[in-house]
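Residue numbers (full-length UniProt numbering): 1 to 255.
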């Protein structure tokens, strides 16, 4: 179960709802999620949000356990939890949408047509492919990499002290959306909320959202982009060897 199923059942208002992902990892456990029922046809399950809500800049510098179970406020900043991301994205084929707000006020997105993560035993390894969107592809280089947190020993760069939030490790960092919230100001190399192709490495983004949705979504085909939309047409950016599912979008105007 996800926000798309809620929409198909008649839910049309964005907000916090309870879902029951069909996955053995969490059994019959429910999880509260934020559903975006507006963006690009709606039906998105939001798995991360960053913004200016008065939290300390290191709010996302958390332990492995916290990233596994989730933390934060679903109406504000949060990470839904890696176990739940695994459970949701293993219900079928999912796409993911990353949306970002730059400190200069511009916004952009990137979508990956296929997205999922492995379970905890496999270090929540990232799987994704087929990027498109004006924000560019700053995550494919992290594909196939393990997730890390501040107390996670199996990092790609063990001698590099982790000053930022949990993310998928790589010797080359091209994104870190769980980085320090530097309030939209330039900061040290990749310490902030960064996406290389949108804001570059030394500029901390002001807000982000990550959302997933079944890859095949009928309402999306009927969705008409508003005349004044800031989003650009999709353009293919890359494809790698991984294939499965995931999708997402975000609520930036209110941040």
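From the three backbone atoms N, C-alpha and C, an ideal C-beta is built for every residue, glycine too. Source: prediction; values computed, not measured.
The three-state secondary structure of residue 183, taken from DSSP, is coil.
Per DSSP, reduced to three states, the secondary structure at residue 85 is helical. Listed in chain order, the alpha helix (DSSP H) elements of length 4 or more contained wholly in the stretch 74–132 are 82–89. Per DSSP, the continuous alpha helix (DSSP H) segment holding residue 66 begins and ends at 64–69. Between the alpha carbons of residue 181 and residue 208 lies a distance of about 11 Å. Taking a C-beta distance under 8 Å as the contact criterion, residue 197 and residue 164 do not qualify as a contact pair. Following the DSSP letters along the chain, one finds residue 4 inside the alpha helix (DSSP H) bounded by residues 3–8. The alpha-carbon separation between residue 121 and residue 147 amounts to approximately 11 Å.
Under the three-state reduction of DSSP, residue 47 is assigned to strand. Judged by beta-carbon spacing, residue 91 lies within the 8 Å limit of residue 22, meaning their Cβ atoms are closer than that value. Assignment of residue 39 by DSSP, reduced to helix, strand and coil, places it in the helix class.
In terms of Cα proximity to residue 141, the closest of 37, 78, 56, 112 is 112. Relative to residue 117, the option among 77, 178, 2, 168 whose CA is nearest is 168.
For residue 68, the CB contacts under 7 Å within the same chain, skipping 5 residues up- and downstream, are 81, 82, 83, 120 in chain order.
Taking 8 Å as the cut-off, the beta carbon of residue 19 is found no closer than this to the beta carbon of residue 212. When the five nearest sequence neighbours on each side are left out, the beta carbons in the same chain lying within less than 7 Å of the beta carbon of residue 149 are those of 62, 63, 64, 67, 166, in order along the chain. Its Cα nearest to that of residue 78, the residue 51 stands out among 51, 42, 109. Of the residues assessed, residue 123 falls on the buried side of the cut-off, its CB having 16 or more other CB atoms within 10 angstroms. Where residue 18 is concerned, the enclosing beta strand (DSSP E) starts and stops at 15–19. Nearest Cα to residue 43 within the set 7, 97, 173: 7. Apart from the 5 residues on each side of it in sequence, residue 1 sits with its Cβ closer than 7 Å to the Cβ of 19, 20, 21, 22 in its chain, given in chain order.
In the same chain as residue 57, and ignoring 5 residues on each side of it, the C-beta atoms closer than 8 Å to its own belong to 180, 181, 182, 183, in chain order. Comparing alpha-carbon positions, the option among 195, 173, 72, 107 lying closest to residue 47 turns out to be 72. Looking only at 45, 136, 200, 60, the smallest Cα-Cα distance to residue 151 is reached by 60. Relative to residue 31, the option among 86, 176, 54, 53 whose CA is nearest is 86.
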